[in-house]
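A.B. asks: Just so we're on the same page, this note's numbering is the position in the sequence shown counted from 1, plus 4. Structure below; questions to follow.
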Amino acid sequence: LIHSKLYSSLLSRLFSLQFVNGVRVPIYFSWPLHKVDADMYMRQNTDSIFCSPTDKENNIIAVTPRSSFDTTAGFNAGMFVYNPSNEMFDSIMAKFLALSQGEMLATSEQDFLNAHFKDRYFLVPIDYIMKHRRMVKERKLWDENRVHGYHMNGSPKPWEPEWRMACAYPKDHQKFLKGYEDFFVEWWSYYYDMNGSTLPTDRALFKLLPEHDPGSSFDNFRKGSWKCPENPK
């Protein structure tokens with residue numbers, strides 16, 4: 005799907021801008037059939053997502069809603085299903101490359117894709133791939149058995165050593181610290197199981213294996229090198 009001319013044009017524009025946000029770039033030119041952000045994890049089989057009705061005109065992509073209350077909020081670009089199309093790839097690349105340098109740096113991929121696919125998407129139930137913060141804050145409203153995966157956008161992630169620190173969370177979420185701790189244990193249980201290890205009973209001992217933590221973030225955290233952010237997001 006990558007056209008060398010468009011690809012080269014994109015890269016030259018991005019590097020000239022010192023556009024170093026590695027999250028945004030791949031979303032525009034590397035589309036798998038089922039695209040998910042790197043901060044998602046799947047907790048049960050997601051084959052059913054491919055049954056989403058997508059076509060070349062009305063429902064070009066299948067996505068989850070951005071909001072559970074505001075129907076005008078658009079969709080969450082963290083996950084989508086699509087049909088491969090060189091024509092659609094060309095239209096997206098052309099639209100993106102037509103942006104000014106300021107617009108490139110100011111526009112998130114989510115806003116860009118919402119504008120490009122306005123009124124041309126199929127909505128998957130919001131609890132199929134759910135934002136973890138929604139589950140933590142509104143746990144009584146949702147059936148966890150329906151959730152196929154979680155999108156852990158925002159900080160901290162469970163694989164970051166500060167995940168048990170209240171000040172690492174946005175100020176309006178800090179009161180839910182115990183809920184986040186309990187929630188993230190599921191991710192850690194999958195992680196230890198994947199590595200063939202036993203989950204420690206003491207959460208303070210949870211840590212990434214050295215090969216998954218080249219910067220020794222967990223060891224540095226325990227040495228007291230981490231500081232609370234001023235404005236956690």
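Glycine included, every Cβ here is placed at the ideal spot set by N, Cα and C.
(1) I'd like the span of the alpha helix (DSSP H) that includes residue 141, first residue to last.
(2) How is residue 85 classed by DSSP in three states: helix, strand or coil?
(3) Looking at the secondary structure, which residues open and close the beta strand (DSSP E) in which residue 46 lies?
(4) Which one of 134, 172, 124, 59 has the shortest CA to CA distance from residue 237?
(5) To the nearest angstrom, how far is it from the Cα of residue 61 to the Cα of residue 167?
(6) Less than 8 Å separating the beta-carbons of residue 125 and residue 53?
(7) Quick check on the burial criterion: 16 or more other C-beta atoms within 10 angstroms. Buried or exposed for residue 231?
(8) So what's residue 4 in DSSP terms, helix, strand or just coil?
(9) Where does residue 216 land, buried or exposed, given buried means 16+ other C-beta within 10 angstroms?
(10) Threshold first: 4 residues or longer. Then list the alpha helix (DSSP H) segments lying entirely within the stretch 95-120, N to C.
(11) Pull up the distance between the alpha-carbon of residue 57 and that of residue 127, whole angstroms please.
C.D. replies: Reading from the atomic positions:
(1) Numbered from 1 along the sequence shown, position 137 holds the residue referred to as residue 141. 136-141 is the span of the alpha helix (DSSP H), which, as asked, contains residue 141.
(2) Reading the sequence shown from its first residue, position 81 is the one you call residue 85. Here residue 85 sits in strand by DSSP.
(3) The residue given as residue 46 occupies position 42 in the sequence shown. Segment 44-46, the beta strand (DSSP E) holding residue 46.
(4) As a first step, residue 237 must be located in the sequence shown, where it is residue number 233. That would be 172, whose Cα lies nearest to the Cα of residue 237.
(5) In the sequence shown, the residue the question calls residue 61 occupies position 57. In the sequence shown, the residue the question calls residue 167 occupies position 163. So the two alpha carbons sit approximately 43 Å from each other.
(6) Looking up residue 125 in the sequence shown gives position 121. Looking up residue 53 in the sequence shown gives position 49. It is not a contact, given that the beta carbons lie outside the stated cut-off.
(7) Mapped onto the sequence shown, residue 231 falls at position 227. With fewer than 16 Cβ atoms within 10 Å of its Cβ, residue 231 is classed as exposed.
(8) Here the chain has residues from 5 to 237 only, and residue 4 is not among them.
(9) The residue given as residue 216 occupies position 212 in the sequence shown. Flag for residue 216 reads exposed.
(10) Entirely contained in the stretch 95-120, the alpha helix (DSSP H) runs reaching 4 residues are, in chain order, 105-110, 113-120.
(11) Within the sequence shown, the letter at position 53 stands for residue 57. Within the sequence shown, the letter at position 123 stands for residue 127. Going by the C-alpha atoms only, they are around 10 Å apart.
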